[in-house]
Structure formats: C-alpha cells, structure tokens
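Asker: Dumping the structure here so I can ask a few things about it.
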Amino acid sequence: MSEAIAYYPGCSGLGTSKEYDASTRAVCRTLGLDLVDIPDWSCCGSTPAHTKDHVLSAALSARNLQLVSGMGIASAATPCPSCLTNLRTANHRMEAPAMAEKVNKLLDAPYAGGVEAISVLQALVEKVGLDEIKAAVRTPLTGLKVACYYGCIMNRPPELMAFDDCENPMAMDNVLSAMGATVVPFPLKVECCGASYGIPRQDIVARLTGKLLDVAKSVGADMVAVACPLCQMNLDLRQGQVNRALGTNFRIPVPYFTQLMGVALNVADEELGFGQLCIDPRPVLNKALSGADAQAKGA
Amino acid sequence: MRIGVFICHCGSNIEGTVDTATVAKASLDFPEVVYATDTMYACSEPGQDGIIQAIKDKNLTGVVVASCTPRMHEPTFRRAVERAGLNRYMFEMANIREHVSWIGKDREANTNKSVDLVRIAIEKLRRDAPLSPSKFSINKRVMVIGGGVAGIQAALDCADGGLQVVLVERESSIGGKMAKLDKTFPTVDCSSCILGPKMVDVAQHENITLHAYSEVDAIGGYVGNFQVQVKKKATYVDWTLCTGCGACMEKCPSKKNPDRFNEKIGPCTSINIPFPQAIPKKAVIDPTTCRQFVKGKCGVCAKVCPTGAIKYDMADEIVTEDVGAIVAATGYDLFDISKVTEYGGGRYPDVITGLQYERLLSASGPTGGHIKRPSDGKEPKNVVFIQCVGSRDKSLDRPYCSGFCCMYTAKQAILTKDHIPDSQSYVFYMDIRSPGKMYDEFTRRAMEEYGARYIRGRVAMVYPKDGKMIVRGADTLAGTQVEVEADLVVLAAGAEAAVGAPKLAEKLRISYDKYGFFMESHPKLKPVETNTAGVYLAGSCQGPKDIPQSVGQGSAAAAKVLALFSKDMLESDPQISRVDIKRCVGCGKCIITCPFKAIKEVEFRGQKKAEVIETVCQGCGLCTSTCPQGAIQLSHFTDNQILAEVNALCQS
C-alpha cells in the first residue's frame, strides 16, 4: 500500500461532478491508494478569485494547503484541473517572500509551503503505477474504443503543471490502455472546449466542442473519456446545444476516466454514477464489451 | 630597469569613464617607472610610433600599455616594442577597458582600479625576462574532417595548392547534406550536377587520400606535427575489389530497412550504395539488419558478387595519419521535429522535414522525383510549409536563426508548383530572412510568380482529419486565425550541431558553444581559425551556413593552411613550462596532470626527473600548481611574478 494522500474534491465534486468524486474514491480505494479527506476544506476561489485578485486567490488555495500541511501529509490530489491550477499557482506565487507575506496575513495559520498538489491522474500513474493498475483489472474494457480528452489546462502551462507532455499527454491513454480499452489517437486531446463561455457565449462552446466531437467521431471513438468537470459538462450536457447550433447529430457518451476504470476494476455500479451523465455510456459500453466477449467465445 | 607606461583612451571607450591622465601621473610613483603618458589610440600607427620613440628617447627597457584585453592587441604591441629593439616579452598589458571602463560608470572608482591594474602589470614586468622562441619543422600534409561541400572545397583547394590532403568522411560517400538536395537556391540548378564534378575531382586528385566510412578516433601532437588515428569502420566489403556494380543490392533479400540517405522516407537494402553518384561508389553492409549477421545465414551477396568482394569477417581498422594542420568541416544535423509535439512530426507520416521533401523532389529519391506523400502515395495538392521549427525558439533552447530555411522553403514552394501545376503552397513564416545576392528577389518570385501564399504567423497545431492534415495557425497581419486543409506538411527543421561534434571538439582541443557549434577564434576577424594553432574550421560546424558561405569558408580555411605551410619552420611559443632539475624529485605528478602529454620522465644521473617537451607544451600552467616542489615554472608566469602581482594588489 502506498503513502496516504490528502484528497481535495473541489466544489464541483460536491455538485456537478459527484460521479467523478464518487468514482475517484472507489477506484483509489480498490487500488489501495489511501485518500484522506481534508477537514474543513474550502473553495479554491476558482476563476473569479484569480481574475480579481492574485493575493486573495493564493490565500483561498493556500488555506487548504496549510490544512494538509497540518495533517502531516506531503501531497494533495484533486480530480479537478482548475482546482489543481489554483493550488499549484498558489505554491508557485508564494515562493516569492513578498507574496507569501501578503497571503499569510489573510490566513489564520501561515502556510510555509511544502505540500505538493497533483491531479488524481498523476497520483494514479505515479503513486500506484501502471503495472499495479493493470494487475488489478477484473473486467478488461476489450473492444471499447476511447478518445482521451485531457482539456487545455491539465498540463499547461508546462512549467507550472510539470506533468506529462503538454501538447501530446499520454497518462490517461496509458491508464485506459492498461484497462484493456483501445485508445484511439485523438489529435485534439489538449484543445479548449470553450470552458465557462458556455454561459455568456454558447456559440463559442458550440463551435469548439463541436470540433472536438467531430474529430472524436472521425477517429472512430465510441466515447470520449475526460478528466475535467467543466469539459465534461460542455461535451455532455451541451451536446444537444452543439447539435442544434451546428446541425449535427452527435450522441457520444462522455464519461470520466475514473468511471471507466471503475468498470474495469469491478467497482459496484451504484458507486460509479453513470446515471448522472446526460448520455448514459452503459449501452455503448455493454455493446462493446459483449461484442468482444462474443468474439472471444467464437474464437 | 627603465619602465615606460602608456595609458590608452581608446577614443572615449576608456577615457569616457577613466581619467587616463591621472592614471599616467600616478604611474610615475611606481618603482622603476621613468616615463608615463596617456595616448589617444595606443594601437594606431601614431600610437605605436609614440611607444617606439619613447623607448629610444628614454632608453626604456620595459613597457606597460594599459588599454584593452591582451587577446585583442598583445601581439600588436609586442611587435611594436620589438621594432624598437626590445625583447617582445619585456612588455605587459593592463586591461582597463573590458575589466574597467566598459563595466563601471563611477569615474573615480574606475580611475583608482586602473591605477591598481597598472601597478600589478609593472610588478610583473619587473620580473620578466627576455624569451626567445625555438624553431621546429612542419609536416606539410593536411587533414580535412568531413566530406560535405565545405570539406570538399577545402580539400580541393589545398590539393590544387600542392599539399597532400587526407579527407576523412563518416558516411560511405562524400557529398554531405548538399548531395541530398534536389535543387539549390537562388538559381534552381541541380544540386548533384554542380556538386558531382567536385566529388569526382576529389576521387581523381592525385594529392587527395580519401578515407570514407571512417571517423577520427584520437588526435595527438601539435601544430605542424599532429598524429591522427582514423578508425576505418568495417564495411564488410573489400573496397579494393568492389566495382560498385550494384548486383548485391538487386539480390539482397533484406529490402525494408530505413534508408538514411533518403532521410528514412524510403527503404533500402542491407548491403547498399547510398546514391548513384556516390564517391566512392562502394557497397557497405549494415550488420544490424543484414540476415547474415542477424540470423547467421544468407550469404546471397557473397554468391552474386562477381569479384568476391564480400568479407563478413571484416573488422574495424585503425590507421595513423601524420599531418601538420587539420580543417574541421563536420557540418550540421537537423533539429528533431518530434520534439515539437503540437506539429506531430514522427507521429503523422505526412508531416515531414524539408530535407525529406528534398528526397521526394529528387529524381534519385525514393519516388523517382514524383511528389508522393508518405502515408498513401497520393500526389498532394495543398502543401503547407512551416518555417522556424527548432529555430528562433527559446522554449526549445534553439534561440538562433538557422539562416537558410527561408530560402530553401521558397525554393521548395517554387518546385512544388513546377512538379504539380494545380497545387497550392502555403508558407507560415515569422520574418523572411533573405540577405544574399539575388535572395530577396527569389523569395518574391515564389510569392509573385509561383503564387505561394505567405502567411505571417506561427502554427499552433497540426492534426489529421479525414485524410487531410489540418494546420491551424495565426495570421498576424490580418489578425485572424487560419486553418488550412493540407495534404502534406513540410517543416523547415532548424540546423543544429552535428551528432558527436562536442566529442570531436574535445579531441581537437577546440572550444564549442552551448549548442555544440565549434568556436572560431574571433567572430569577425578570425572566422575560420580556432584558438588551437593549426586547427581551422569550414562550413556549418561553426554555425548554420548555406552553400555559398560554406564553399567560401572551405576556400578560406585552405588559404590559411597554405599560408601556414608557406614556411618551412614554425616558431614555438616560449611561454612554456621548464623543470628546475635540481628541485625535481621525480614524483611524476606533473606527467599525470598535463592534459597535452607534454611532460615525460627522463633519467638524470640515475635519478628520475620530469622533462617538458617544448613543442607540445601549451603553457596552461597546470603542472606548476601541481608540483609539490615548485620545480616546474611557467616562463613569463612564474610563481614569483604571480606573487608579486598579488602583493602589488594587496599593498594598494
């Protein structure tokens, strides 16, 4: 069993991406990765805080890092790339003593640094390892063709995120390959989906997300696996809007990569929350898996 | 001793922040100084005449000039004092420009520091002794390393000048990168048609010995007397018997190996002659793919060879060549395009380098000169060229401009239209850099006569969709995003130092920059010399160059060698280490320390002693600081002199 990691679900983990949170917890538990909840954690400030004030934004994130530090744990994992950016940015900015002083003035307890923030994906790859993940597979995702979509900020800016290739990341590809899925080469894996423009400018999201879905379909993907709650929302919830705006007829399931891992690791269905998604991936999933099953039997 | 001190203004370079008159006046208080003055330009003719006149008028026996770095003008002033009848080593320089005036603005502090530096120089000068060089003979053979167009030119010019030339080439044929090109800018003449005759001249010249498929293993010696060990790599074909008929290539059953001459876009056989005009036109077996080596059985080439030239048991061979000078002309290699992950080079077959495109254009290339894209062999209609891939990009640690890519991209756009009249070329560029004779006219022709669409901006990403490559970038002139559906994407990969260049530089004992390019002696005034006597540079090993520049440097390096060899004897620098045999205890530490193998052990009245080989010693001084007895002293930089300098500094 590996070292304990503090777990920071982020606000969306309690709301729009409950299924990401639940499947992450279940998958990590199955793989023996000990996620420890942070008592009294608070919002990282998200986009509004860093747009308005860098000190405030750093303080909101640093408060959580300080709590982790108090738990005696060296690293914190979060499923949300946006939270991750804020946590890592806070660490980076507070390397400057003048900034650290300003931020610490806002905090009840000063944060002295030293807590590394990583994504759940990075934790799985680095703390558990591909070999162990592969060994834990019970129902291989054989026959399932998946496009891995990382979103634009998981690996960017590369100097800050310091994980995987920022233009052609492979971590999720490798994890889902280890699950037995056929990972199709998806050239737009780090393209922007339109992010929060879904609220003020739906046309932008329709165009950008439409392109993602179009290319995913053209490379033969059955579904698009994601690692970001906001990307998931744009690709899944807004797929109907995309279809109306572009005159297309997409119906591509967009599950979190942790949900697919859960299937392969035989996590109970009720912990994976597929019902929370707009387009239920289970019919496509079952068809692919049974097709492979039939083929295996036929051979 | 009667010392004269000259403080140079260097126009306003020094005088601007140093009060030279005050420095001169202060110098008069130092021991044995009988004359001191400031002077406008010490290095100019009137400046040098002033020094000579003062030596004669005041009977000076030593001179200090406070001016620029000794690397700039020490030889100038040494010659000046020699003309006035002094020994050239009775001279010292104080660097008050690079070390003072250029780096500080405080005039008073600068003036004080200059006085200190002059005082240090005076204390050293007071302990200088006249030195005289000894003469040694030279071997008037020259080695040229690298058989690209620069090396070929250097070899031919030296050979035409009557010198014996040894040309060493790593590949099995000379020709270098130029042999791979289809046409050349700005004249669009056929590359192999203009290079081919020169290659044949190399083969036929009675003064040139060619070691192809060979590499420099080790280099010993010094200017005039180098010993170079050349490793002739095993070709597994006896080249004295091979006639280059090509029967072996026809029958070789291992046909699907990546062809390095064709930049790996075509296959080749395990036994191979890289191209029809190869010099020498001899076959080489690649043991990593040959079935005889990999599986232990085949032997087809040995059966079909009409002259029985195949020798599977051949081994590498070392030959030693004695030469007096070496020209390094090892060229460049291409930036690895797979490092720019957003363009997908190495992942997508239809994203290729400019040099690969040359092979597609060339009649001797894998497609017979018909442009066919690698993925499906279809003729492309829309071709996108992306410039500056691995050039002018700090994020890739390649901040320099590769220089020739703007021109070859324009040429390739023109050739694309020639080959496929209904094609359309797009060129994404940052700036057009075409400062050569007829160069800018050429790039304009690509745009105006051949209709290439030039888009100023960077490409953000390239990805495949439905059999096309989607190229997305910015048009910074129109202020918009652009997407082009391309059939083929050609990346103008930048030039970088040739593989193994730093290693060779270390063997040659020359410097290289952080990118692996060899350092010239002076960026403007000594472009083909190095800081190691007898070693010269030509072509892209010093930095990216196009063909005219490379040929020019090849000739320039040859001229330097011919000038060096115009003398029968060379003078050795007397600033070398000498052993005080009475103090030497024969411990041998200096022998181990010397990086030039310039110290040997000798027997003296039954005792072991160290002895310096005069012509090999480079005067670095490592041995003097190693010797526990202080028995080795570096002439002109003795322990006493250095301690006197330190004392002078500490007293002030």
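If you read the sequences in order, they're chains A and B. Each residue of the first sequence is one higher than the last, beginning at 159 in the numbering used here. Each residue of the second sequence is one higher than the last, beginning at 47 in the numbering used here. Each residue gets a CB set at the ideal place from its N, CA and C atoms; glycine is no exception. Quantities reported herein were computed from a predicted structural model and do not represent experimental measurements.
Just reading off the alpha helix (DSSP H) that residue 59 of chain B is part of, what are its end residues?
Answerer: 58 to 61
Asker: CB-CB under 6 angstroms to residue 314 of chain A, same chain, minus the five flanking residues each way: which ones, in chain order?
Answerer: 324
Asker: Can you list, in chain order, the residues of the stretch 380 to 392 of chain B whose Cβ is nearer than 9 angstroms to any Cβ on chain A?
Answerer: 386, 387, 388, 389 and 390
Asker: In chain order, what residues of the same chain lie with their CB nearer than 8 angstroms to the CB of residue 444 of chain B, ignoring the 5 residues before and after it?
Answerer: 381, 436, 437, 438, 540, 542 and 561
Asker: Between the stretch 287 to 318 of chain A and chain B, which residues of the former have a C-beta closer than 7 angstroms to a C-beta of the latter?
Answerer: none
Asker: Answer with buried or exposed for residue 359 of chain B, where buried requires no fewer than 16 other C-beta atoms within 10 angstroms of its C-beta.
Answerer: exposed
Asker: Who does residue 306 of chain A pair with in a DSSP beta bridge?
Answerer: A/383
Asker: Nearest-angstrom Cα distance between residue 616 of chain B and residue 56 of chain B?
Answerer: 33 angstroms
Asker: Can you pull the chain A residues whose beta carbon is under 7 angstroms from the beta carbon of residue 512 of chain B, in chain order?
Answerer: 376
Asker: Quick one: which residues of the stretch 338 to 356 of chain A get their C-beta closer than 7 angstroms to a C-beta of chain B? List them in chain order.
Answerer: Those residues of the stretch 338 to 356 of chain A that come within reach of chain B (Cβ to Cβ, closer than 7 angstroms) are 345 and 346.
Asker: Alpha carbon to alpha carbon, how far is residue 290 of chain A from residue 164 of chain A?
Answerer: Between residue 290 of chain A and residue 164 of chain A, the C-alpha separation is close to 21 angstroms.
Asker: Can you give me the Cβ contacts of residue 446 of chain A inside the same chain, cut-off strictly under 7 angstroms, excluding the 5 residues immediately before and after it?
Answerer: 301, 302 and 380
Asker: Among B/121, B/655, B/657 and B/510, which has the Cα closest to the Cα of residue 377 of chain A?
Answerer: B/510
Asker: How many angstroms separate the CA atom of residue 49 of chain B from the CA atom of residue 122 of chain B?
Answerer: 19 angstroms
Asker: Cβ closer than 9 angstroms: which chain B residues qualify as neighbours of residue 323 of chain A?
Answerer: 387
Asker: Just how far apart, CA to CA, sit residue 74 of chain B and residue 65 of chain B?
Answerer: About 15 angstroms.
Asker: Any idea what DSSP makes of residue 408 of chain A, helix, strand or coil?
Answerer: DSSP places residue 408 of chain A in coil when its eight states are reduced to three.
Asker: Any contact between the stretch 99 to 112 of chain B and the stretch 68 to 83 of chain B? By contact I mean 3 or more CB pairs, one from each, below 8 angstroms.
Answerer: Segments in contact, yes.
Asker: Measure the Cβ-Cβ separation of residue 298 of chain B and residue 315 of chain B and say whether it is below 8 angstroms.
Answerer: Yes, the Cβ-Cβ distance between residue 298 of chain B and residue 315 of chain B is below 8 angstroms.
Asker: Are the CB atoms of residue 327 of chain A and residue 312 of chain A within a distance shorter than 8 angstroms?
Answerer: yes
Asker: I'd like to know if residue 373 of chain A contacts chain B, where contact means its C-beta is closer than 8 angstroms to some C-beta of that chain.
Answerer: yes
Asker: Using C-beta distances below 6 angstroms, list every residue in its chain close to residue 224 of chain A, excluding the 5 sequence neighbours before and after it, in chain order.
Answerer: 267 and 269
Asker: List, in order along the chain, the chain B residues whose C-beta lies closer than 7 angstroms to that of residue 326 of chain A?
Answerer: 387
Asker: Go ahead and pull the three-state DSSP assignment for residue 428 of chain B.
Answerer: strand
Asker: When you compare only the Cα positions, how much space is there between residue 351 of chain A and residue 386 of chain A?
Answerer: 11 angstroms
Asker: Strictly below 9 angstroms CB to CB, what residues from chain A border residue 582 of chain B?
Answerer: Correct list: empty, because the minimum Cβ distance to chain A is about 42 angstroms.
Asker: Considering residue 670 of chain B, what are the terminal residues of the alpha helix (DSSP H) in which it resides?
Answerer: Unbroken alpha helix (DSSP H) run through residue 670 of chain B: 668 to 672.
Asker: With respect to the beta strand (DSSP E) encompassing residue 373 of chain B, which residues constitute its N-terminal and C-terminal limits?
Answerer: Note, residue 373 of chain B: beta strand (DSSP E), 371 to 374.
Asker: Could you name the residues of the same chain whose beta carbon sits closer than 7 angstroms to that of residue 182 of chain B, not counting the 5 residues immediately before and after it, in chain order?
Answerer: 270, 615, 616, 618 and 661
Asker: Looking at the C-beta of residue 135 of chain B, does it have a partner C-beta in chain A at a distance below 8 angstroms?
Answerer: no
Asker: Exposed or buried, what is residue 119 of chain B when buried is set at 16 or more other beta-carbons lying within 10 Å of its beta-carbon?
Answerer: Buried, by the Cβ-count rule.
Asker: For residue 404 of chain A, collect the residues of the same chain with a Cβ closer than 8 angstroms to its Cβ; drop the 5 residues on either side in sequence, then sort them by chain order.
Answerer: 364, 365 and 368
Asker: Would the stretch 403 to 414 of chain B count as touching the stretch 515 to 530 of chain B if we require 3 or more Cβ pairs under 8 angstroms?
Answerer: no
Asker: My guess is that residue 388 of chain A and residue 334 of chain A are in contact by the Cβ rule of under 8 angstroms, so how many angstroms apart are they, rounded?
Answerer: Their Cβ separation, rounded to whole angstroms, is 21 angstroms, which puts residue 388 of chain A and residue 334 of chain A out of contact at 8 angstroms.
Asker: Going by alpha carbons, who is nearest to residue 278 of chain A out of A/414, A/205 and A/430?
Answerer: A/414
Asker: Tell me the rounded alpha-carbon separation between residue 159 of chain A and residue 272 of chain A.
Answerer: With a pLDDT of only 42 at residue 159 of chain A, under the threshold of 50, the placement of this residue in the model should not be trusted; the figure read from the coordinates follows. Their Cα atoms are separated by approximately 23 angstroms.
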